[in-house]
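**Q** The sequence shown begins at 1 in full-length UniProt numbering and counts up by one. A virtual CB, placed ideally from N, CA and C, is assigned to each residue, including glycine. None of these values were measured; they are calculated from a predicted model.
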Amino acid sequence: MSAKDSAWWCDAVIYQVYPRSYADSDGDGVGDIDGIRAHLGHLRDLGVDAIWMSPWYPSPMADAGYDVADFRDIDPVFGTLAAAEALITEAHQAGIKIIVDIVPNHVSSEHPWFQAAIASPDAPERDYFWFRPASERMPTAWTGEFGGTTWSKAPDGSWYLHLFTPQQPDLNWEHPDVRAEFEDILRFWFDRGADGIRIDSAALLFKDKDLPEVRDGEPHPFRDLDAVHDVYRAWRRVADEYPDRALIGEVWMPEVDRFTNYLRPDELHAAFNFDFLGCAWDPYLMRACIDRTLDAHAGVGAPPTWVLSNHDVTRHVTRYGRTDTTFSFGNNLDGTPVDLELGTRRARAAALLSLSLPGATYVYQGEELGLWENENIAEDQMQDPMYARRGHSRDGCRVPLPWSGDEPPYGFSTATPWLPQPAEWKDRTVQAQTGDPNSMLELYRAAIRLRRSQGAGFAWLDRGAEVLAYTRGPRFACVLNLSGAPVPLPEHKTCLLASGPLDGDLLPRDTAVWLRL
Ligand code: GLC
Numbered sequence: 001m002s003a004k005d006s007a008w009w010c011d012a013v014i015y016q017v018y019p020r021s022y023a024d025s026d027g028d029g030v031g032d033i034d035g036i037r038a039h040l041g042h043l044r045d046l047g048v049d050a051i052w053m054s055p056w057y058p059s060p061m062a063d064a065g066y067d068v069a070d071f072r073d074i075d076p077v078f079g080t081l082a083a084a085e086a087l088i089t090e091a092h093q094a095g096i097k098i099i100v101d102i103v104p105n106h107v108s109s110e111h112p113w114f115q116a117a118i119a120s121p122d123a124p125e126r127d128y129f130w131f132r133p134a135s136e137r138m139p140t141a142w143t144g145e146f147g148g149t150t151w152s153k154a155p156d157g158s159w160y161l162h163l164f165t166p167q168q169p170d171l172n173w174e175h176p177d178v179r180a181e182f183e184d185i186l187r188f189w190f191d192r193g194a195d196g197i198r199i200d201s202a203a204l205l206f207k208d209k210d211l212p213e214v215r216d217g218e219p220h221p222f223r224d225l226d227a228v229h230d231v232y233r234a235w236r237r238v239a240d241e242y243p244d245r246a247l248i249g250e251v252w253m254p255e256v257d258r259f260t261n262y263l264r265p266d267e268l269h270a271a272f273n274f275d276f277l278g279c280a281w282d283p284y285l286m287r288a289c290i291d292r293t294l295d296a297h298a299g300v301g302a303p304p305t306w307v308l309s310n311h312d313v314t315r316h317v318t319r320y321g322r323t324d325t326t327f328s329f330g331n332n333l334d335g336t337p338v339d340l341e342l343g344t345r346r347a348r349a350a351a352l353l354s355l356s357l358p359g360a361t362y363v364y365q366g367e368e369l370g371l372w373e374n375e376n377i378a379e380d381q382m383q384d385p386m387y388a389r390r391g392h393s394r395d396g397c398r399v400p401l402p403w404s405g406d407e408p409p410y411g412f413s414t415a416t417p418w419l420p421q422p423a424e425w426k427d428r429t430v431q432a433q434t435g436d437p438n439s440m441l442e443l444y445r446a447a448i449r450l451r452r453s454q455g456a457g458f459a460w461l462d463r464g465a466e467v468l469a470y471t472r473g474p475r476f477a478c479v480l481n482l483s484g485a486p487v488p489l490p491e492h493k494t495c496l497l498a499s500g501p502l503d504g505d506l507l508p509r510d511t512a513v514w515l516r517l
C-alpha cells in the first residue's frame, strides 16, 4: 500500500455539520460554533474521523451562507473567528479533522469586490465578474442552477452573470487576481489547521467567453470547461505545501470520465459520489453503480466516496420510502407517498453498505438519527431560494437536530428553531436513541466502530443477482438482500452486525449484515 492509499481521506468517515442546524448555544434559534463545541462529544462517541463544516462565513444568507461576503471571518450568527479556531483545536484534541467549505464560483453581492464593481464602471473589480453592457435582452438565455435566468441588472443598467441567485454574482476565473485570492484563502484556512477543503460547485468556474447558448451536441458554455483543471492543479500545489491536506470536490457530473478528470493525481484528492446518492434502491442499478465507481476511481488512483444525503437533497429515509427511490433535481417527488417504516429499514441497510464499501463515507448530520425530510414546512417559513425558482425547497433536509426531550426544540435551542421540527421526532433524539440497541444511532456507532476491523480489497460474492454480497479481505463480508424474499446467509463464523432482525439463518429483504468469515 502506498503512502497515498493510507492517507486519512482515503477511508475516513466524514460527518457533514450544517452549522445552522446542529446546536444553538446562544438562544437565537440558529445553530452556532459554540453549539458545535458543546456537542463535539456526540461526534466523538459516533467515532467519525472528520467534520465537513458547511459555510460559516459572514453572509447575507441569501443562499444559507453559500453567498459569502468574507472568506476570512465568521458570521456573527455562528460566532467568531476565535470560536472557529477553538473548534478546530478541540476537534483535533478529540482526534477529529476539520474540512472547511470554500465557494469559488461566486461571492455574495455584499462582498467588497462586487460592491466596488457596481460602484463605478471603471473599478478594476468589475473585471473580477461577468459584466455585459446594458441592453434590452439578456446576454444569454441560460437557465440557472436553481432554475430561472442567470443575468440581473446592476444599478447602472449593465448585466451581470449569476448561475445561482442574483445575490451570488459569478467570478471571472480568467482573472489572475481571482486565482491569487483563492489560493490565499486556502492558505488562510490551512494555516489555521483546516485539514481539508470542500470545493463548492467545483465544475462551474469557467464560462465560454463568447457566451453561446446551451445547445445539444455542442460543448456546454459553463459546465466542466477544461480550463478549470488548471485551477485545481494550482490548488493541489498549495495543499501539497502542507502535510496531509485534502481537496474534495462537489462535482455533479454524469459522465464518469469527465468526473474522474478532477481526480487525476495532480488535482483533487476526492469528490462526492452523486451517482451513488441518486441511484435507485435496486439490486441491478446499485451493483452497476458500485462497479462503475470502483473502476473509475481505480483508473485514476483516487479513493471512492459513498454519499447518501447532504444539505441539498431529500433525506434518504424519505427517498427510500417512495415508489421512485431515485434522486435528481429535475425530478420533483415532493408530496408523493412515503412509507417511513420501509424507508428507515432501507436506510439502516444502506448504512451498512456505505460504511463497508472501499473508500471514504460521508454522513450528513441527522442521518445517524434516522431523520426524514420534513415535508410539512409552511410556505411562509421556507427559506431556500430554490423554492421560488424550482418549486422544491431544500429546507426539509436542513431542519435542526433533535437532541433531547419530548417536544421541539428538543434541546437544540432555548428559542423557536429557524425551521420547524416534526412532533414525531421525540423518539429520534440523541437522548432517546442512546443505549437502545435497535436505534439508528446505535447502529451507526457500532458500524463505525466495527468498520476498523474490515479488511482491505473488495470482491463480489455470488449470492444471486438480487443480493449484493462482497468480501473485504479474507474475514469480512457484507450481504444486502434486495430481492423480495428472505435469502440464506453465506457460511460464516459470526454475525457482527445486522441492520434488522434475522429470521434464523435467513436474511430478510431490505436487510444487510456484516459477517465474520
Ligand atoms: C452547492 C451547495 C448548495 C448551494 C450551491 C451554490 O451546490 O451545496 O447548497 O446552494 O452550491 O453555492
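Short check: CB of A272 to CB of V307, under 7 Å?
**A** It is Phe, not Ala, that sits at residue 272 in the sequence shown. Yes, Cβ-Cβ distance for F272 and V307 is below 7 Å.
**Q** Is K4 buried or exposed, if buried means 16 or more other CB atoms sit within 10 Å of its CB?
**A** Bear in mind that the predicted position of K4 carries a pLDDT of just 49, short of 50, making it unreliable; the figure below should be weighed with that in mind. Exposed.
**Q** Per DSSP, what are the beta-bridge partners of G249 in this structure?
**A** I199, A271
**Q** Within the present structure, is the beta-carbon of F129 separated from the nearest heavy atom of the ligand GLC by less than 6 Å?
**A** Within the chosen limit of 6 Å, the ligand GLC does not reach the beta carbon of F129 with any heavy atom.
**Q** For the alpha helix (DSSP H) containing G231, list its first residue and its last residue.
**A** The sequence given here has Val at residue 231, not Gly. Start and end: 228-239.
**Q** Buried or exposed: which applies to L506, given that a residue is buried once 16 or more other Cβ atoms fall within 10 Å of its Cβ?
**A** exposed
**Q** Report the option in P254, G335, P358, D282 whose CA atom is closest to the CA atom of P304.
**A** P358
**Q** Can you tell me which of the three DSSP states A459 falls into?
**A** A459: strand per DSSP, three-state reduction.
**Q** Between which residues of its own chain and V313 is the CB-CB distance below 6 Å, once the five residues before and five after are set aside?
**A** F327
**Q** Assess contact between the segment 458-476 and the segment 373-390, defined as three or more Cβ pairs (one per stretch) separated by less than 8 Å. Is contact present?
**A** With the rule of 3 Cβ pairs closer than 8 Å, the segment 458-476 does not count as touching the segment 373-390.
**Q** Tell me whether D200, by its Cβ, gets closer than 6 Å to a heavy atom of the ligand ZN.
**A** Inclusion of the ligand ZN in the displayed structure is not the case, the ligand content consisting of the ligand GLC alone.
**Q** Buried or exposed: which applies to R346, given that a residue is buried once 16 or more other Cβ atoms fall within 10 Å of its Cβ?
**A** Counting Cβ neighbours within 10 Å, R346 comes out buried, since at least 16 surround it.
**Q** Going residue by residue through the segment 347-395, where are the continuous alpha helix (DSSP H) segments of at least 4 residues, counting only ones entirely within it?
**A** List check, alpha helix (DSSP H) in window: 385-390.
**Q** In this structure, does DSSP put I96 in helix, strand or coil?
**A** coil
**Q** Can you tell me where the beta strand (DSSP E) holding N481 begins and where it ends?
**A** 476-481
**Q** Between which two residues does the beta strand (DSSP E) holding W56 run?
**A** From DSSP, W56 is part of no beta strand (DSSP E); its letter is neither H nor E.
**Q** Which residues mark the beginning and the end of the beta strand (DSSP E) in which A512 is found?
**A** 511-516
**Q** Rounded to whole angstroms, what's the CA-CA distance from M1 to A512? Just pull it up for me.
**A** The predicted position of M1 is uncertain, since its pLDDT is 37 and thus under 50; no value can be drawn from it.
**Q** In whole angstroms, what separates the C-alpha of D11 from that of T434?
**A** 26 Å
**Q** Using C-beta distances below 7 Å, list every residue in its chain close to D503, excluding the 5 sequence neighbours before and after it, in chain order.
**A** P486
**Q** In the DSSP output, what is I14 paired with across the bridge?
**A** Note: I14 sits in a beta bridge opposite A50, Y362.
**Q** If I measure Cβ to Cβ from L277 and keep anything under 7 Å in the same chain, skipping five residues before and after, which residues do I get?
**A** V307, L308, V313, F327
**Q** Closest by CA to I102, which one among D224, D295, G405, I185?
**A** The shortest C-alpha separation from I102 is found at I185.
**Q** How far does the beta strand (DSSP E) with L497 in it reach, from first residue to last?
**A** Unbroken beta strand (DSSP E) run through L497: 494-498.
**Q** Does the segment 320-339 touch the segment 385-395, meaning 3 or more C-beta pairs lie closer than 8 Å?
**A** yes
**Q** Can you check the segment 276-362 for any alpha helix (DSSP H) of at least 4 residues that lies completely inside it and give the ranges in chain order?
**A** 283-300, 316-319, 340-354
**Q** By how many angstroms is the C-alpha of P508 removed from the C-alpha of V228?
**A** 47 Å
**Q** Determine the burial state of H106: buried for a count of at least 16 other Cβ atoms within 10 Å of its Cβ, exposed for fewer.
**A** buried
**Q** I'd like the span of the beta strand (DSSP E) that includes T471, first residue to last.
**A** 467-471
**Q** Can you tell me which residues form a DSSP beta bridge with R132?
**A** In the DSSP secondary-structure assignment, R132 is bridged to W159.
**Q** What residue range is occupied by the uninterrupted alpha helix (DSSP H) comprising W189?
**A** 176-191
**Q** Does the beta-carbon of P182, which I'm using as the reference point, lie nearer than 6 Å to any heavy atom of the ligand GLC?
**A** The sequence shown places Phe at residue 182, rather than the Pro named in the question. Of the heavy atoms belonging to the ligand GLC, none sits nearer than 6 Å to the Cβ of F182.
**Q** Taking 6 Å as the cut-off, does the CB of D63 come closer than this to any heavy atom belonging to the ligand GLC?
**A** yes
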